[in-house]
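Please read the structure below before turning to the comments.
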Amino acid sequence: MMKVPSRDAVEEASAFLVGEALSRGAAGADVVYSFGQGSSLSLRDGVPEKNTSGASLGIGLRTLDKDGRQGVAHVNSLDRHHLEELVEWSLNNCSSSEPDPHLRLARGVAGPFPDLDLFDRSLPEVTPEYRMSVCREMWEIARDADPRVISVRSASWGEGSGEHHYRSSEGASGWYSGTSAGCGVTVVLSEGGLMEMGGFGDDSRFLSGLNPRKTAAEAVRRTALVLGGKPLPTGRYDLVLDGEAAASLVDVLGELFLASSIHKNKSFLRGKLGKKVASPALSLVDDGLLRRGMGSSPFDGEGVPCTTTRLLSDGVVSAWLYNLKYALLDGVPSTGNASRSISGTPDVDCSNLSLLPGQWTPEDLLLQVGSGIFVAEFLGLHTINPVSGEFSLGIKGASISGGVLGGAVSGMTIAGNLKDILNTIDLVGNDFQFYGSTGACSLVVRDVAAAGS
């Protein structure tokens, strides 16, 4: 395993890069550094399929000139001759780019930062024996959970740790470390000549945040729910979205609140700040400071402290998410949502995006709907048009009759406009949980056109 460089060595390298870039004519410069290491194991029907361990190091330099050009380059070494080449490559890329008068660096020192509790000291101590025992337990639970399980295609576990550093010529400098772990199960079920493959996965900053036994059981439950699914008659239906389906929809909504999407006219919310665009039942929050959040960090890719931003308040658009460039364009502070890789220029992205929970239990929602479709999975969410809002999506789930789940449903398509969906979300569940960095709960959507048999 690669040796972790000392923070002193990294800071010496980043200081050299910034100083060398300025001495060679750059008007400004910043550095992003990342080191990560981790291990993973996957079993296929109880037999080891993948067993890997590795580490990676990267340091990237962005240089800016007086006309607003920027150039980025990166290397995977802290050796001085590589760093010297890095400065040359970054400056060359800068000279050949197009000027942008709205580029800038954060001023002042980034910090002190809050402790977001992102590092679990027990995770780097996980042994190969522990990984194997967890994967075997998930395989056995999934294998035995339902007689229709014919294959546990994957029972997997992985964990890792890393640290990140930022420095700029404007005096910003900061560090943070984090850990993560994840487990997942994929199964194949068969009945009456019909087969269905599905699964479930979970991740967490802390070992204690994972429940592999529950993950295995949930993978089988979700797959069994849609096994042998058939289409219902074409018509208009009330839908109950489960938490995972709702989270996938929330992910799509998050893109509409990025200032970059607004300025590039890639969001139908453009011009809607302060206006009602959704049901009063809907509120969305982006929280970069969520304790132990998968999308949390004390500062963003530009060294700006992360924040908590309420995007949608009772159906009314209340804010956009910003990095420095788009904040300057709109004359507002950055929200600390600059996303950045060591090899890329800053953009805007969500951190931990959450749909705020309501008061209804999942059972309440089924009873309130009475008759409709329970949606466990959307197919083709990437095809939603962010400018017009138009969509046509496949769905999988189960019928709802008398307030309880009935037979499996698949082979159906719902079509319409996301603008209408936002306004016909009637009820929000209290079963909130995170799916990665997206938090959601069950939802009821009224009167949706669905094509089936």
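So in full-length UniProt numbering, spot 124 of the sequence shown is number 124, and the numbers just go up one at a time. We treat Cβ as the ideally placed atom computed from N, Cα and C, and that holds for glycine. Note that the coordinates shown come from a computational prediction; the quantities given were computed from them, not determined experimentally.
Between which residues of its own chain and residue 370 is the CB-CB distance below 6 Å, once the five residues before and five after are set aside?
The residue you call residue 370 lines up with position 370 of the sequence shown. Same-chain partners within the cutoff: 403.
Quick check on residue 163: does DSSP put it in helix, strand or coil?
Within the sequence shown, the letter at position 163 stands for residue 163. Three-state DSSP puts residue 163 in a strand.
Give me, in chain order, the residues of the same chain whose beta-carbon lies closer than 6 Å to that of residue 301; leave out the 5 immediate sequence neighbours on both sides.
In the sequence shown, counting from the first residue as 1, residue 301 sits at position 301. Excluding residues within five positions, the ones whose Cβ falls inside 6 Å are 338, 339, 340 and 346.
Could you tell me which residues DSSP puts in a beta bridge with residue 188?
Here the question's residue 188 lines up with position 188 in the sequence shown. Answer is 151 and 197.
Quick one, which of 410, 450, 294 and 433 has its alpha-carbon nearest residue 194's?
Numbered from 1 along the sequence shown, position 194 holds the residue referred to as residue 194. The candidate whose alpha carbon is nearest that of residue 194 is 410.
What three-state label does DSSP hand residue 238 in the structure shown?
Looking up residue 238 in the sequence shown gives position 238. Residue 238 falls in the strand class under three-state DSSP.
Please give me, in chain order, every unbroken run of the alpha helix (DSSP H) with length at least 4 that falls completely inside the region 412-440.
Runs of the alpha helix (DSSP H) inside the region 412-440: 418-424.
Give the straight-line distance between the Cα atoms of residue 20 and residue 93, rounded to the nearest whole angstrom.
Reading the sequence shown from its first residue, position 20 is the one you call residue 20. Reading the sequence shown from its first residue, position 93 is the one you call residue 93. Rounded to whole angstroms, residue 20 to residue 93 spans 16 Å at the Cα level.
For residue 214, which of helix, strand or coil comes out of DSSP?
Within the sequence shown, residue 214 is the residue found at index 214, counting from 1. Of the three classes helix, strand and coil, the one that applies to residue 214 here is helix, per DSSP.
If you pair each beta-carbon of the region 112-125 with each one of the region 141-161, do three or more pairs fall below 8 Å?
Yes, the region 112-125 touches the region 141-161.
Relative to the C-alpha of residue 38, which residue among 17, 155 and 4 is closest?
Translated into positions along the sequence shown, residue 38 becomes position 38. The shortest C-alpha separation from residue 38 is found at 4.
Output yes or no for whether 8 Å exceeds the beta carbon distance between residue 240 and residue 366.
Translated into positions along the sequence shown, residue 240 becomes position 240. Translated into positions along the sequence shown, residue 366 becomes position 366. Contact: yes.
Tell me whether residue 235 is buried or exposed, calling it buried when 16 or more other Cβ atoms sit within 10 Å of its Cβ.
As a first step, residue 235 is located in the sequence shown; it is residue number 235 there, counting from the start. With fewer than 16 Cβ atoms within 10 Å of its Cβ, residue 235 is classed as exposed.
Does the distance from the CB of residue 351 to the CB of residue 314 come in under 8 Å?
If you number the sequence shown from 1, residue 351 lands on position 351. If you number the sequence shown from 1, residue 314 lands on position 314. It is not a contact, given that the beta carbons lie outside the stated cut-off.
According to the neighbour-count rule (16 or more other Cβ atoms, all chains shown, within 10 Å of its Cβ), is residue 74 buried or exposed?
Sequence index remark: in the sequence shown, residue 74 carries index 74 (1-based). Burial call: buried.
I need the straight-line Cα distance from residue 82 to residue 204, nearest angstrom please.
The residue you call residue 82 lines up with position 82 of the sequence shown. The residue you call residue 204 lines up with position 204 of the sequence shown. Going from the Cα of residue 82 to the Cα of residue 204 covers about 35 Å.
Write down every uninterrupted run of the beta strand (DSSP E) in the region 45-94 whose length is 3 residues or greater and which is fully enclosed by it, in chain order.
Segments of the beta strand (DSSP E) lying fully in the region 45-94: 47-64 and 70-75.
In this structure, does DSSP put residue 157 in helix, strand or coil?
Taking the first residue of the sequence shown as position 1, residue 157 is located at position 157. Note: residue 157 maps to strand in three-state DSSP.
Give a yes or no on whether the C-beta atoms belonging to residue 141 and residue 213 are separated by under 8 Å.
Numbered from 1 along the sequence shown, position 141 holds the residue referred to as residue 141. Numbered from 1 along the sequence shown, position 213 holds the residue referred to as residue 213. Going by C-beta atoms, residue 141 is nearer than 8 Å to residue 213.
Here's the rule I'm using: 16 or more other beta-carbon atoms within 10 Å means buried, otherwise exposed. How should residue 211 be labelled?
One-based indexing of the sequence shown puts residue 211 at position 211. Residue 211 comes out exposed.
Using only CA atoms, which one of 397, 229, 219 and 272 lies nearest to residue 187?
Against the sequence shown, residue 187 aligns to sequence position 187. Checked all of 397, 229, 219 and 272; the closest Cα to residue 187 is 219.
According to DSSP, simplified to helix, strand and coil, what is residue 305?
By one-based count along the sequence shown, residue 305 stands at place 305. Correct three-state label for residue 305: strand.
Quick check on residue 98: buried or exposed, where buried means 16 or more other Cβ atoms within 10 Å of its Cβ?
Translated into the one-based positions of the sequence shown, residue 98 becomes position 98. Result: exposed.
Between which residues of its own chain and residue 254 is the CB-CB distance below 7 Å, once the five residues before and five after are set aside?
Counted from its first residue, the sequence shown places residue 254 at position 254. Once the five neighbours on either side are set aside, the close Cβ partners of residue 254 are 350 and 353.
Kindly indicate the opening and closing residues of the alpha helix (DSSP H) around residue 113.
Counted from its first residue, the sequence shown places residue 113 at position 113. First-last for residue 113: undefined, no H or E at that position.
Can you check which of these residues, 13, 113 and 36, is closest to residue 87 by C-alpha distance?
The sequence position of residue 87 within the sequence shown is 87, counting from 1. That would be 13, whose Cα lies nearest to the Cα of residue 87.
Please report how far the alpha carbon of residue 179 lies from the alpha carbon of residue 453, in whole angstroms.
As a first step, residue 179 must be located in the sequence shown, where it is residue number 179. As a first step, residue 453 must be located in the sequence shown, where it is residue number 453. For residue 179 and residue 453, the distance between alpha carbons rounds to 48 Å.
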